[in-house]
Every structure is written in structure tokens, then in C-alpha cells.
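Protein chains in written order, with the numbering used here: chain A, 130 to 569; chain B, 130 to 569; chain C, 130 to 569; chain D, 4 to 115; chain E, 4 to 115; chain F, 4 to 115.
For glycine and all other residues, C-beta sits at the position ideal for the given N, C-alpha and C.
Since the model is a prediction, treat every value here as computed from it, not as a measurement.
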Amino acid sequence: MNSLNRNKMKSFTFFIGVVLAPTSLLAGELGASELSTGNTAWILTSTALVLFMTLPGLALFYGGLVGTKNVLSVLMQCFSITAVISVLWLIGLYSMAFSEGTAFVGGLSKAMLNGVTLDSLSGDIPESVFFMFQMTFAIITPALIVGAFAERMKFNAMLLFSILWAIFVYAPICHWVWGGGWLQQMGLLDFAGGTVVHVTAGIAALVTALVMGKRSGFPNVARPPHNLTMTVTGAGMLWVGWFGFNGGSALGANGTAGMAMLVTHISASGGVISWSLMEVKKYGKPSVLGAVTGMVAGLGTITPASGFVGPGGALLIGLIAGVVCFYATNYIKNVLHIDDSLDVFPVHGVGGIIGTLMAGIFCSPALGVFSGFGFAQGIDSISSQVYVQAVGVLATGTYTGVATFAILKVVALITPLRVSEDEETEGLDISQHEERGYYL
Amino acid sequence: MNSLNRNKMKSFTFFIGVVLAPTSLLAGELGASELSTGNTAWILTSTALVLFMTLPGLALFYGGLVGTKNVLSVLMQCFSITAVISVLWLIGLYSMAFSEGTAFVGGLSKAMLNGVTLDSLSGDIPESVFFMFQMTFAIITPALIVGAFAERMKFNAMLLFSILWAIFVYAPICHWVWGGGWLQQMGLLDFAGGTVVHVTAGIAALVTALVMGKRSGFPNVARPPHNLTMTVTGAGMLWVGWFGFNGGSALGANGTAGMAMLVTHISASGGVISWSLMEVKKYGKPSVLGAVTGMVAGLGTITPASGFVGPGGALLIGLIAGVVCFYATNYIKNVLHIDDSLDVFPVHGVGGIIGTLMAGIFCSPALGVFSGFGFAQGIDSISSQVYVQAVGVLATGTYTGVATFAILKVVALITPLRVSEDEETEGLDISQHEERGYYL
Amino acid sequence: MNSLNRNKMKSFTFFIGVVLAPTSLLAGELGASELSTGNTAWILTSTALVLFMTLPGLALFYGGLVGTKNVLSVLMQCFSITAVISVLWLIGLYSMAFSEGTAFVGGLSKAMLNGVTLDSLSGDIPESVFFMFQMTFAIITPALIVGAFAERMKFNAMLLFSILWAIFVYAPICHWVWGGGWLQQMGLLDFAGGTVVHVTAGIAALVTALVMGKRSGFPNVARPPHNLTMTVTGAGMLWVGWFGFNGGSALGANGTAGMAMLVTHISASGGVISWSLMEVKKYGKPSVLGAVTGMVAGLGTITPASGFVGPGGALLIGLIAGVVCFYATNYIKNVLHIDDSLDVFPVHGVGGIIGTLMAGIFCSPALGVFSGFGFAQGIDSISSQVYVQAVGVLATGTYTGVATFAILKVVALITPLRVSEDEETEGLDISQHEERGYYL
Amino acid sequence: MKKIEAIIKPFKLEDVKTALKEGGFFGLTVAEVKGFGKQMGHTELYRGAEYQIDFVSKLMLTLVVDDDMRDKAIEIIVEAANTGKIGDGKIFVSSVEEVVRIRTGETGSQAL
Amino acid sequence: MKKIEAIIKPFKLEDVKTALKEGGFFGLTVAEVKGFGKQMGHTELYRGAEYQIDFVSKLMLTLVVDDDMRDKAIEIIVEAANTGKIGDGKIFVSSVEEVVRIRTGETGSQAL
Amino acid sequence: MKKIEAIIKPFKLEDVKTALKEGGFFGLTVAEVKGFGKQMGHTELYRGAEYQIDFVSKLMLTLVVDDDMRDKAIEIIVEAANTGKIGDGKIFVSSVEEVVRIRTGETGSQAL
Ligand SMILES: Nc1ncnc2c1ncn2[C@@H]1O[C@H](COP(=O)(O)OP(=O)(O)O)[C@@H](O)[C@H]1O
Ligand SMILES: Nc1ncnc2c1ncn2[C@@H]1O[C@H](COP(=O)(O)OP(=O)(O)O)[C@@H](O)[C@H]1O
Ligand SMILES: Nc1ncnc2c1ncn2[C@@H]1O[C@H](COP(=O)(O)OP(=O)(O)O)[C@@H](O)[C@H]1O
């Protein structure tokens, strides 16, 4: 990757401090005061799009999939996580992720946005905008995990878990990959969060599902989604919002943003198509839940690759994502009988893993119609790049798994993780929030 | 495609034909490699807005209008069309519409985005962004037709039909009007798709409704919308998304974009008001379904005119749209007894026709408070312009009608178009997708 | 209005008062004809976001809170207000608010956008864009009042009331504060509508609730929201849309926009947290309705302050908003027994009042971690600024109260304000619109 | 024992329940139903398709009581559910042979 | 008086109601129910979890008539609700001791 | 023939249905109802308006059986629906005069 391309990645902040790019450094120092209104406009917009993914996008996507007596609890979890993580992001998480520090975690120099003024820039956009854009990622990641423990976790345990997880898992890993940490230095390609968002959320989901245990009746009792129209509505919002997630990760309104959006869309389409075909093959009919699940698989899988691969590669990635995540979902549920309620691990986790690996393949500029836009700096072959990608997946996955387990054990010392059986039967909406979703 | 032709996209007609701005031409030729981040930011955003119109906007708008047992089938149709058309757009449709070719269809030189890099520009935005923006139009057009055959078409027939229709109807007509084809050369004013989107979808809807036949029980059995709140939600999204549809068709963040958004909004408002008044006159009360239908009529009708007319003209266009489409809907349904399930033809088709014609009137700069911003290049009177507009409507309408009919006949050779009567009674959700919308 | 004054819209306070940037002034005067595509892109986007707040955001937020038999009436009110106010904005309200006139109201020189062309600029964005952005504020303000008289007002009375209110309350007060009127001249800091939007809507809600009287059965009959998932969906849209509301009020894509978005988000988060804690304290459990109400309180309260305060101040503002509005809601409902159906006054009114006052405190650059970005021009202490803020609140509140009362009395001369008791029992959907929300 | 089935207007439920409670009746089962009778329905309008809805929302209350409480129950319901307008509904009374409480297996009056 | 409870296929409601009306029956109460019987349900599929839904949507009509109208009512319903396919439903007939019209307090046949 | 109406807790439906099926009962109709009885409801809270919900979600099962199957059916239901906690519900048994199968016009036991 040449120095021009290097500027096109996520965290300019970091490049100034760490990557030793003299030209961009100069730009950073001398011309950094040149704000680009166009780039700023796009990242402001992207921030809105990514928040929209969580509220109401993901909340609806998940909310529709649970039983009618638990729908509000899911919405509440997404809202509460958003509020609490946002405040934590201001207080210290942003600084832990993006301020100068060690290879493993940033410092606290930017706690409470210390020193940031109206004129502070991060690259050519205001630092406030960079802060906000990154915050929306820090919000959606723990919100994704909600799907694993839905319909049985106590509200206060959920909140405590999410807080600790954001501090001890999200912020450090974000620093490793985007904040100048060791994986970034190693040349890991993760454009918009294959490891930072999807591997971490997916592994945490798996661990949480195992630690929490199954919902009563699983897998014998049928648990149809209470409102698939709500889920599909959320899915549409996720698709659109993902344009900000991946397209915004270019941190500017440019060719990389456009191409990232394009490959994101194509991969989502590929996921819809291949998941649907798998259903037709196995059950004879395609379902809309299958279609939107394939979409999420395609979107999650392209995420790490989105700034590096071309349209042909994206199509393959999407098609592969739909097939692999389809099998993974069936395997986890029907063979391993793990009750990851809303299939977070097989879709996001597996998608994040294979996407990060495939980014190392399809970034290669020498694959003909499946070519991408080049390896990380200092890397010049698919095998070296895939090796780095594998290290990234293993490191983030392992650390997440261990830390998530530890956090759950700590939380369990303070409050039970699960509601009582009676509360589970009555539903979390009444038992945790004294509310009912519908009086139609 | 040379750099001159590259400008020949979408609003080329307008820039060249109307504004006679040699500087912008020069800029196009000499400085085309200068990317505008501001314009790019707006078209990235517009792309998101137009996708949002289909997913979940249109899906909800239509989904709420059908019976509860068919709601998922409509959502699934919108999702599947999005996925499949997107991939086709990459494979060849974009090239057929926008690469150099004959006056009737483009070539395949841009199949799989051959030759397009991160730096390729279309005007002053990345070509990837132009590709994506245009793709969202190619998605929503067949999705609009879904309303005509809702509640009775087989899923596989629907998919096959949509694919063939996109190839043989949408792509060529898009080329005629926006890709440098014969209607563009003739000076047809169609800013954002009066002919390309609404006339084609509307005529195809009419033909499909006639060929498919009525839903069982039509028109005797009452078929109230199963969820008007869903329809109104979708309507709100359509209104907002249309800002990207028409405003984005300026292909930049400028006065034309602003004015296009403004007239779009005013026309939508006019449509709401006049449709509501018609209901008050005829039934004594205004309904919210009437209001949102008037809104769609106003939006569809202003679409071709949106870059060319002023606020006064837009208000008239909206008011007229509400009245004419109101009568058209009643006539088709209650007099002709055609079962165009969700009134696609009388709203989109009729709106597209009268809007394209009125664009030729209200673009005139000599109408006082109802003035617009000028005729196409080489045209200097309302009558000449309206003549061109009429040719555009007739040509696109006729071709669409014939081709749609032929496509339906071909599809019928491969698979029945309709589900069986029992399946229709049971509902498409269960019979086609083995799912249920709600378990409340 | 001369070209200097023309810049004195909305963000003028900020530019002059705080930044003391002669260059930007000069740019305003000399180079005002230079359109900024980046700024334009962001305000086009913000316009879409703010319309999205009303349609479908607020419509859903309110619609979910009423009974199932009245849901469409609320959606219809939001749609109708949007359509009618938009047309009025074009015909004369924009001119009354933003064209040159007296200190109390603008003139009619810009009626029908007289003289505005594609090239007309307002600052460095097209005037059409400024017109549209401001219009979305004029729409949402009367739409907010809908919450006060929900479930009992006649449709025609509602429409007439909204029209007169927009003319006699909104347009003049908008001129006072943003159009160069007396409060703006006095140095009132109201970045995005604490007085113009929230105080006016809140006071009007209180007056309307008192004049209309209680819904039958209030407060004895339980009236649970018919669909909290709808309300939470709307809440998510409001949160995202508010980024355009406050962020767009910078009228550009710059550091002020970024910081306004940031403080908006932090305050919303603070409101969620503190309202939830109040519920835990008082009832033992936090509810999702409480969370989203706290969110609206946080958003409404930060609105006037959003361009002037820093992150620390915003956090305090949000936390305070949640607590104060919580008590206000309980007091109005349970002590005063006023039937402001959806709590518009205690949330928006009270939030707008305390937010406007707190803007005067937390704009101070001398509060350490709670510092803001400076007072209005010519003001140099918290006490002087708070004095001006208090004058602004009192003036707008008093005028709104008196005028709203008078308008209601006038409307009552023409048509009864309330539906009959039988119609109220049957529900407004059937009685006013001959429709039903759901046939599930 | 007797089974009393009462069809009432939905907004009368609270009144009827409260009256029954005060009258010493502590068991009741309620179903949402649609009724067709003398009370007119209403018209609905959907894009030019206008039609008559004959059915009106009602609630059906089921209440099983000892024989000697039958008349009291009827009286209470009639009084509490009455608005004097068409559509107030009906009460149907029939015999019940046996009642069982699922929790305990008790039968007869004890099970009520 | 007799109570006729008929379980029918939902889409037959209009036909049955019209036929009853023409037959002179002007009162009817309808509840949405789910039925389990010989008629097969269907399978549903949610992300790899496929299961059998045994219950089928039905409507339960309740109709109280004078003794001498019993057979006519049954006949009308059987004819109007019949499709000849499994799942057409059942009619249950039982005795009603008393009927009261809430609005007027009238009892017996007059209350119908 | 006898009509058995059982009010049960919703999450017990599968168990009851399965038990009945195994016991040889192949017809059943289920309605969603709300019950009021000894079982406490819960409070709900909406922006400072807190109130008591007395009604609890229940299902009402209707099952018509031959006279000699009556006790077996009751037994099965009692066993399958029992949780031992308040609110398990009731069973009401009454007589049915006639049963008709709509599809065939068969009557009596054959129609079941
Ligand atoms: N013969 C009947 N059998 C069953 N339900 C009936 C009968 N007659 C009336 N109903 C029910 O009672 C309700 C009220 O009856 P209606 O004739 O409208 O008014 P009223 O009871 O005041 O004369 C109807 O909506 C219907 O649900
Ligand atoms: N013994 C029964 N008790 C109560 N309801 C029954 C009984 N048998 C059947 N039903 C109801 O009748 C409906 C139709 O019965 P089914 O056996 O499917 O078809 P058919 O009546 O045509 O033989 C069932 O769905 C159920 O609601
Ligand atoms: N007398 C009655 N008439 C009709 N339904 C009743 C009666 N008593 C109880 N029920 C129904 O049975 C349900 C359970 O009754 P409840 O008193 O709560 O518990 P249990 O049956 O365990 O004593 C109630 O919710 C109600 O639906």
C-alpha cells in the first residue's frame, strides 16, 4: 500500500502519530488546519447512519425476533447501551482507544475530550466528528451481543456486563487495530471492523450464550419471531446504515468511500442470494428471514475488506458469507445445541472471521476481475497478508473470549446473570420494566 | 467512454442543454479529474436515501396495504429484487445503460465495472458513486411493479420476471433518456425518472395486472390494509428518501439540488392537500391513506420536472397530481375493475405521464410566478418542448407495454405466474416462504 | 435587509458573538457568491434528517402512545401539518420569518420565494436549501403540539388551529430570534430552537390541554400506549434526526456542526440515564418509555445550547433535563391533573426553558471541564447572558400563551374543538377518517 | 352451577369487573369478539373502495357461578354494562355440569 | 333457546353472515380461534429451526336462537361454510336457559 | 356429548395438546382470553401513571367429546396443565345436544 492509499484508512489520528508517513505528517502539521467541508459533511452523515443502525435498526432487527413478551427488553437494552457507552466514550473510552499510549491501550490524555476545541482536526475533519463517528462503533458492538443473551438476562447484569466489556474488551482492541496498536503496526487490514466489531461481538456472544445457559424449553419449544415485519424493517435500516459504517470508514467523501459503499452493497446482495439458495436447496423455499440473515452475513463479512477489495471480490465474499454462515447457524443450533438466541456468533462472529481472512486474499491486485487495491504497506503477497489477518483474528478472538468469560464471572458475583424462571415465563418486559409491547 | 461522454450522464441534458455553461463543460473536459468532496458527499448520501426508499420504505408502504397473510411476501419481493438487480447492475446492466453504445442501448465495455478504479470519475464524483446512485433507481423501478401483482404471484415467477424486465426494459430505456440515447439527444426533459422510472413501472403494472388477472374475490370482498401504520411509516420514508432521488439527480450539492428538493417537497405537499380535498368532497372525510397516496402522486409527478420547474409550478403540479391520480385510481378500480392491487398504474404511471408533460410546460421561464428554469437546448417554446415530452412518454410507454407483455408470456412458459387458489387463500407468506408475519 | 443582515440568520449569533472572525464576515460580504458544496451537502442532508424527525419519527413516537383506535388520527395530523405548513411557508411564512421587516416580523418581499433563483445564496449555501432547512423546523413545531390534544380534537379544528398558530406564533417568534428581530439583536443564544421550537410548542401544548379539557376518564382510566415498539422506533428516529436539527443549525459542515452534534448526543444520553435512575429510585425498575422520554428531554434541553456549550456542560444539561422533566411530568399529571395527553409541556416546554437558561451558563468559557465557547457579542458574564436568556424565555412563552389562547377561541367560533363523546369512545380513526389502524 | 356469558361493549369492562368484584364474584374470563346485531357498524374507505363494516368490537365475559348466585350476577352485569344505547349486548345463561380447579383437582362449588 | 357454536374457516365468514342474514338471523358473535383437528397445519422455518404448526386459524361463531329456528340455522351454516375440504369445521348445539338483553333487561325470546 | 372448556396458562398449551393427542383426542379449539381470579396481575408504569393490571393472559380450550370420554379428557388436562401455582385455571363441563361436521353433514359422535 503506498502512502497515498494509506491516508484512506480509518484513523488518521493514528497515522499522524504512529505510522511515520512524512508527507501526511507534514500535511497533518502544516495543513491540518485545512478543514474539508465535503469530507466533514460525509462523516457527519455517516455518524448519523451508524447511530441509525443501532437505533432503531438493530433494536428492531433483534426485537422482532424475540417473543412478544420480551420485545421491549431488547429495545431497552439497545437504548441503554447507547446512552451509557456514549457517556463512557466521552469520559475515557475514546482516549483509551485513540490517544497515544502503548501498543496495547491508549492513555487518558483525551479523557473528557481534554484539549479538543472547535478547531481541533483529525486529518481534515473536526476531531469532534471523528470522536462521534468512532463512538457509534463503540455503541453497536456491545449492542450486537444482546442477541446472544436475549430473553433471559437481568437488566442490571446486562448493563454492568456491557460497561465492563466496553472498557476491557472494546477499547483496547480498538486501539490495537485502529488506534496505533500492535495489530495496526503489523499491517492488519481491517477497514471497518471485521475484528474490532464482528469478531469481538461474535466471540463474546458465544461465550455469553454458553455461560448463561439455554432459554427454558430450548431447543424443543418453537420460538417463532413475534414480528418479522419489525425484523425486516430493521434489516433495511441496517443495510442503509452500513453505507455509513463502511463508506464512512474512508473518513472522507472520495473514491475509497464510493468503492467501499459499492462493495458493501454487492456483498450484502450476494449474501441474500446465497443464503436464499441454501434454503431452497435444503427446505424447498426461501424465507424472508433467511434473506435478511444472508444480508447481515454479507455485510458483516465485507466489513473488514470493504476498503481493500473490488466489486468482483465483493461478490464472491458475499456469496461465500451466505453459505458459510448458513451452515454455521445450523451447526451451532441443531448440532451443538448452543442457545445463542439470535445467532450472533454464526452470523457476525463467523462472518467477521472469514471476512478478515478473505480481505487478505481479495485485496491482492493480481486476481483479474477479482482484484483488490493492494496489500498493507511492507506486505507483498497473499500468504503474508493472510498470515497477518489470521494473527489478527486469533488475537482478538482469544482475548475477547477470555476477557468476556472473566467479566461474566465478575458480574455474577454482584448480581445473578439470569432472571428467575417465573420471570422468564412472564417475560422480561413485565418483569424487568413493568411495560407491555402491544395493546392492539 | 471519453471524458465528454462521461458528462453525458443523467443531468447532462440539463447542464448542456439548458444552462449553456461553457465553463462547466470546460471543467468537465479539462478538470474532470478534480473530485469535489462536497458533491461526492451529497451523492453518497443520496444513494443511501434512495436505497432507503426501497428498503424499508417502499417495502413497508406496500406491505401495510396487503393482507396480514401476505405481508412477508411483499417484503421478500422487495428484498430479493434489491439483491438480484444489484448484482445484475454490476454484471452488465450499468454498462447497458451508461456505457457507449447505440442510440438504443449501451455496450458491455463496463461489465463488471471493467476499467473502473478508485480514481475513476464521472463528472466530479467517483464513478463508483455514480454507479451506486443509478443502481438504486434500477432497484426501485421493478420494486414499484410489485404493487400490481401483490397477493397472487409466485415467488419464482416474480423473480424471473423482474430480472428479464430489468434487462429488456429498464436498462435500454435508461440508456435512451440518461445514457446518451435517442430521447436524450432529442431534448427530453426527465430530471429524475418520470419516464425511466414511473412511466415504465406504471405501464408494466397495468399490463401485469391485466395478464395476471384479479385476486380471488376482487372487487367484492373487502380487502382493508392490514396495517396502515406500516404504510404511513413507509410513506414518511419515501418522502424523505425522495429528497435523495430528485435532489441527488443534480449529481452535486448545488442550487439545482436545493431547488429540486424544494419543488419535490412542495409538490408532495400539494398532492397531500388536493387528494385529501377530493376525499372530503366525495366522502366527507379525509383519510390518512388518501393523504399518503396523494403524497406519492405529488412526488411521482414532480420527478421528471424537479430540476426544471420553480416553486410556483411545483405547487400546481402537486395539486394537479392529487386530483388526476385520485380520479384515475377510482376509474381503474371501480369502473374498469382492473385489479392493480396497490394502484401502481393510476398513481405512478399516470403521475409519471402528466409530470413528464407538465415538465415541458412549467420549465418555461416566462410564466411569471409559475416560471421554471428554461427549455432543453435548441428548444424555445412550450409547444416544442411538450411535443418532445409527449414523444418520450409515448415511446417509453409503448415499448414498456409491449416488452412487459412479452416477458410475462415467456415467464409463463417456464412457471405459472400465479399461485394456486388454495395457496392464495392460505396466503403467500406460508405458501411461498413458510413464515408468518406476526405472533403477537 | 442588507447583505450584512442577511448573514444574521440563525448562526449569526455564533459567528459574530463568539468567533469574532472578521474574515468570515468579509467572506460573507465579498465572497458570499461562493457556494460551498461541502456545507451545502450537509444542510441538504440535515434537511432530510429534520423532515425525517416529523415523518415518520414524531408521528410514530406519538402514534405509539395513544390508543389503538386513535393511532391513525395522530399520523394524519402529522402528515397534514407537514403538507399545509410547507405550502404556507412558501406562500409567506418564510418571508415573515426571514425577510427584512421590523424587529417583530419580516415583510412579504420573499413571498412565493420572489426573486430567488438557482444561484441565490444564503451565506455560502443556496437560499433554496436554507429555505428548506428552516421549513422543517416550522413543520415540526406545530406537530409537537399534537401531543397535547391527541385523542380528542376534531380534524378540521386541528388543521385550522395549526395554520393560524404557524402564522401568528411561529413565524413572528422565528423572526425575533433568528430573522434579525429584537431578541437576536439583544444577544439571545438559541442555537437550534430552545425558544423558537420547544418553548413555543410546550406553552401552546399547556394552553391547548387546558382549553380543550381532559379526555373522558382521565386520570382514572388506564391508557397504556397501544404500541411501545412504535414509540421506541420513533424515538430512535428522533435521536438520529436531531443530529440534523442541531448539527445542521451550524449551517455548514465544520467544527461547530461537529461539536453541536456531539453535545446533542451526550445530552440525550444523559437524559436517558437520569430519567431511568429516577424511575429506579421511585418505582424500582427502569422502563423503556422512561428511557426514551429522558432522551427527548435531553435532546430538547440541549437544543438552544448545542452550538455554545462543550461536552462537559452537555452531560450536566442532559442529566439535569432527565430529572427536572421527570418531576415536571409527574407534577402536571398527578398533582395538577392536567391532561396534556403525551406530556408535551413537561418534556418540551420545561426542557426548552431550562435549556435556554442553561445555555447562558454553560456557554461560559471559564467553567473548567464544563466550559463552553463564549457569550454572545457584547456580553461578558454569565449573569448578563442568563438575563438575556430569561428575557427570551419569558417573552416567547408569554406571547405564545396569549396568542395560542386567542387562536383557540377564534377556532372555536368556527368549529367545535372536540369531537363528540361518542366519537371519542369510538375513536378518532373511524370517526374522523373512516379507517382502522390494524387488521392483523 | 351456571355459566353466564355476557357480550358487552369493550369500554364497559372496567365497570363490570369492579361491580362484580364488589358483588363478591372473584372469577371471570374475557374474550375479544366481534358482534353483529342491530347496532350499525360503520363505513371504511380505502382509496376509493368504500365498504360497510357490519361487525362491532365486543367483549364476551364468561362467568361460572353457583346456582343461587345466578340472578345476582345477571343483575350486576346488566346494571354495570348498560348505556341505554343499541348494542349494549346480551347475556346467555346455561347449565354447567361440573367444574374442576386444575391446580388442586377440587370439583364443584369449591372449585369456583 | 339454543346456542349454536360453529367453527368455520375464516374466509367463509362473509358468506355465512350473509346467508344467516337472508335467513332472518340478526345476531351473531364471532371469535378468532385456533383449531386442531384432522386438517393438517403447515411447517414454518426460522433460521434452520423448522417446525410443525398444528393449529389452523378458525372462527368460532356463537348464535343463540329460538328452539324452532335451530335446524334452519344449522342448515344455513352448513351450506354456507362448506367447501368439501377437510377442516370445514364443526357445529356444537347446546341448551340455553335464559337470555337477557342488557339494554332493556328483556328476557327470553324477546331478548334475541 | 360433553363440552369441556378449560382455561389454562398459555405456556401449557403444547403439553396439553400433546397429552390429549396421546390420549386419543384429535379435535380441539383454542381461544386467547384474559382471566381475572385469585392470581395476581401485575403493575404497569407509563410516565408516572402506574396502575394495576388485574387480568392475566390465559387460553380457553374447547373440546367436545363423547360422554364416556369426559373423565379421561378432564384427567389428562388437569395433569398436563397443572403447575401447582395459583392461576392454573378451571375446567367447565356442560352438555352438548348435537354436533355436526360441516364438511359432510354427519351428526352425533361420528361428527367428532
Ligand atoms: N342471537 C344472538 N346470538 C349471539 N350473539 C348475539 C345475538 N344477538 C346479538 N348478539 C350479540 O350482541 C351484540 C349486541 O346486539 P345488538 O342487536 O347490536 O344490540 P342490543 O343487544 O342492544 O339489542 C351483538 O353485537 C352480538 O355480538
Ligand atoms: N372434538 C372437537 N372439539 C372441539 N373442536 C373441534 C373438535 N374437533 C374439531 N374441532 C374444531 O374443528 C376444526 C375442524 O376440524 P377438522 O378435524 O380439521 O376437520 P373436519 O371438521 O372437516 O373433519 C378444528 O380445527 C377444530 O377447531
Ligand atoms: N368463576 C369463574 N368463572 C369464569 N372463569 C373463572 C372463574 N374463576 C376463575 N376463572 C378463570 O380461571 C383463571 C384462574 O383462576 P384463579 O382464581 O386465578 O386461579 P386458580 O384456578 O388456580 O384458583 C382465571 O384467570 C379466570 O380466567
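Span separating the alpha-carbon of residue i from that of residue j
| i | j | result |
| --- | --- | --- |
| SER435 (chain B) | THR324 (chain B) | 13 Å |
| HIS355 (chain A) | ALA83 (chain F) | 25 Å |
| GLY451 (chain B) | ALA443 (chain B) | 12 Å |
| LEU178 (chain C) | VAL369 (chain B) | 8 Å |
| ALA22 (chain E) | ILE77 (chain E) | 11 Å |
| ARG106 (chain F) | ARG73 (chain E) | 19 Å |
| SER493 (chain B) | SER510 (chain B) | 8 Å |
| ASP69 (chain F) | PHE39 (chain E) | 17 Å |
| VAL361 (chain C) | THR176 (chain A) | 20 Å |
| ILE11 (chain D) | ALA34 (chain E) | 14 Å |
| LYS239 (chain C) | ILE220 (chain B) | 50 Å |
| PHE499 (chain A) | MET241 (chain B) | 10 Å |
| GLY167 (chain A) | GLY478 (chain A) | 34 Å |
Heavy atom of ligand 4 within 7 Å of residue i beta-carbon
| i | result |
| --- | --- |
| TRP218 (chain B) | Annotation note on ligand 4: not contained in the displayed structure, which lists ligand 1, ligand 2 and ligand 3 as its ligands. |
Residues that residue i contacts on chain I, provided the C-beta gap is smaller than 7 Å
| i | result |
| --- | --- |
| ARG565 (chain B) | Protein chains in the displayed structure are A, B, C, D, E and F, and chain I is not among them. |
Residue nearest to residue i in terms of C-alpha spacing, selected from the options
| i | options | result |
| --- | --- | --- |
| LYS411 (chain A) | E:ASP74, E:LYS20, E:ASP57, E:TYR49 | E:TYR49 |
| ALA272 (chain A) | A:ILE210, A:SER493, A:VAL258, A:VAL340 | A:ILE210 |
| GLY26 (chain F) | F:LYS88, F:LYS75, F:GLN113 | F:LYS75 |
| PHE504 (chain A) | A:PHE266, A:PHE284, A:ASP319 | A:ASP319 |
| MET341 (chain B) | B:HIS304, B:TRP371, B:ALA286 | B:ALA286 |
| SER403 (chain B) | C:ALA170, C:ALA212, C:PHE181 | C:ALA212 |
| TYR460 (chain C) | F:PHE29, F:GLY51, F:ILE79 | F:GLY51 |
| SER549 (chain C) | C:TYR299, C:VAL326, C:GLY310, C:MET282 | C:MET282 |
In DSSP terms, what residue i is bridged to
| i | result |
| --- | --- |
| ASN375 (chain C) | Paired residue(s): none; ASN375 (chain C) is not in a bridge. |
| LEU62 (chain D) | D:ILE11, D:GLU35 |
| GLN313 (chain C) | DSSP, once it has assigned bridges, lists no residue as partnering GLN313 (chain C). |
| PRO255 (chain B) | B:LEU250 |
| THR360 (chain C) | Looking at the DSSP assignment, THR360 (chain C) forms no beta bridge with any residue, so it has no partner. |
| GLY501 (chain B) | B:VAL438 |
is_contact[residue i, chain D] using C-beta, thresh 8 Å
| i | result |
| --- | --- |
| THR360 (chain B) | no |
Residue-chain proximity (residue i, chain C), Cβ-Cβ < 8 Å
| i | result |
| --- | --- |
| PHE14 (chain D) | yes |
Residue-chain proximity (residue i, chain F), Cβ-Cβ < 8 Å
| i | result |
| --- | --- |
| VAL33 (chain E) | no |
Residue i at chain B interface by Cβ criterion, 8 Å
| i | result |
| --- | --- |
| VAL224 (chain C) | In the sequence on display, residue 224 (chain C) carries Ser and not Val. No, no contact with chain B. |
Which residues, in chain order, sit with a beta-carbon under 6 Å away from any heavy atom of ligand 2?
A distance filter of 6 Å between CB atoms and the heavy atoms of ligand 2 selects the following residues in sequence order: E:ILE10, E:GLY38, E:PHE39, E:GLY40, E:LYS41, E:GLN42, E:VAL59, E:LYS61, E:ILE89, E:GLY90, E:ASP91, E:GLY92, E:LYS93, F:GLY30, F:LEU31, F:THR32, F:THR65, F:LEU66, F:VAL67, F:ARG104, F:ARG106, F:LEU115.
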